[in-house]
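Read the structure below first, then the notes.
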Amino acid sequence: NIISVLKESGIEQLNEPRDYFRDPALMRLEFLPEQFFLRTPSTALAISRRGIDWVMTQPVAGAADTTEINRAFRRVEALQIQRVVDDAPAVEQRAAWGLDPPVLELSFFPPENLPPVSLFFGALLPDAPHLRYAKRNDDPSLYAVNAAEADALLLTPEQLRPAADPSANAPE
Numbered sequence: 101n102i103i104s105v106l107k108e109s110g111i112e113q114l115n116e117p118r119d120y121f122r123d124p125a126l127m128r129l130e131f132l133p134e135q136f137f138l139r140t141p142s143t144a145l146a147i148s149r150r151g152i153d154w155v156m157t158q159p160v161a162g163a164a165d166t167t168e169i170n171r172a173f174r175r176v177e178a179l180q181i182q183r184v185v186d187d188a189p190a191v192e193q194r195a196a197w198g199l200d201p202p203v204l205e206l207s208f209f210p211p212e213n214l215p216p217v218s219l220f221f222g223a224l225l226p227d228a229p230h231l232r233y234a235k236r237n238d239d240p241s242l243y244a245v246n247a248a249e250a251d252a253l254l255l256t257p258e259q260l261r262p263a264a265d266p267s268a269n270a271p272e
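Under this note's numbering, think of the first position of the sequence shown as 101, with each following residue one higher.
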C-alpha cells in the first residue's frame, strides 16, 4: 500500500480546470531543427541546417540568413494559444476550419530522424476574426491563435536570403 500526503494547496490545484495546466504556448522548440519546411497552398520553402549555417533547398538553393531563421523560431515559440476551440475535434471538420488544405503549414524536423512536429494554420474564426484556427500534428486539440502573429510566420525566400555584404562591393 502507498500512502501519499498532499499539502492543502496541492489538493486545491486538482480542482482547477484543465486549461489551468495547459501550456499557453502553441509550440516550444525543445530541439534545434535539422530541417524546417513551410508550405502554403501555392508555395513551399525548405531550409536545412549544415553545421551552424542554414541553407535554403527549395524553391531555390542558397544560403539562408541565420538571424532571420532564429527570429522565425522565436516567433513560433512566442505564439500563444488564445482559445481552446475543441479538445477532440472531428477530423471531418478540417475543411470548415480552413485546414484542408491549411493556409500555412510549418514542419520542424528534429535531429536523429525523429518524427517532425508540424503546425497547421487555418481560417479565421467566424466569431473572432482576429483569431486563426491552429493545430499541431502531435496534439488532438484544435486551438485559436492571434491571426496577425500566425500570419507573420509566413516567410518568403527573399526574407531568408542573407543581406549582401556592403564591404564586398566597396572600392579599394
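Even glycine gets a Cβ: it sits at the ideal position worked out from N, Cα and C. Computed from a predicted model, the values in this text were never measured in an experiment.
Is it buried or exposed for V160, if we count other Cβ within 10 angstroms and need 16 for buried?
Under this definition V160 is an exposed residue.
Per DSSP, which one or two residues make a beta bridge with V184?
Per DSSP, Y243.
Using 8 Å for Cβ pairs, my map puts W197 next to A163. What's the rounded Cβ distance?
About 36 Å; that fails the 8 Å criterion.
Could you check what DSSP says for T69 in three-state terms: helix, strand or coil?
The displayed coordinates of the chain run from 101 to 272. Any statement about residue 69 would go beyond what the structure contains.
According to DSSP, what are the bridge partners of G162?
DSSP, once it has assigned bridges, lists M156 as partnering G162.
Which residues in the same chain have their Cβ closer than 8 Å to the Cβ of D186, if we skip the five residues on either side of it in sequence?
Contacts found: S241 and L242.
Look at the alpha carbon of V176 and the alpha carbon of Q259, and state the distance between them as a whole number of angstroms.
C-alpha separation (whole angstroms): 16 Å.
Does L253 have its Cβ less than 8 Å from a Cβ in chain D?
Here chain D cannot be found, since the structure has a single protein chain.
Sort T140, A144, P189 and F136 by Cα distance to W154 and report the nearest one.
Considering only alpha carbons, the answer is F136.
Per DSSP, the bridge partner or partners of A125
According to DSSP, A125 bridges with Q180.
In this structure, does DSSP put T256 in helix, strand or coil?
Annotated three-state conformation of T256 is coil, per DSSP.
Roughly how many angstroms lie between the CA atoms of T256 and T167, to the nearest whole one?
Answer to the nearest angstrom: the Cα atoms are 14 Å apart.
E134 and P211 - do their beta-carbons sit closer together than 8 Å?
For P211 and E134, yes; Cβs fall inside 8 Å.
Extent of the continuous beta strand (DSSP E) run through L224:
Looking at the DSSP string, the run of the beta strand (DSSP E) that includes L224 is V217 to L225.
Can you pull the DSSP bridge partners for R149?
According to DSSP, R149 bridges with W154.
Alpha carbons only, please: which of L145, A146, S148 and V217 is nearest the one belonging to L129?
Residue V217 is the option with its Cα nearest to L129.
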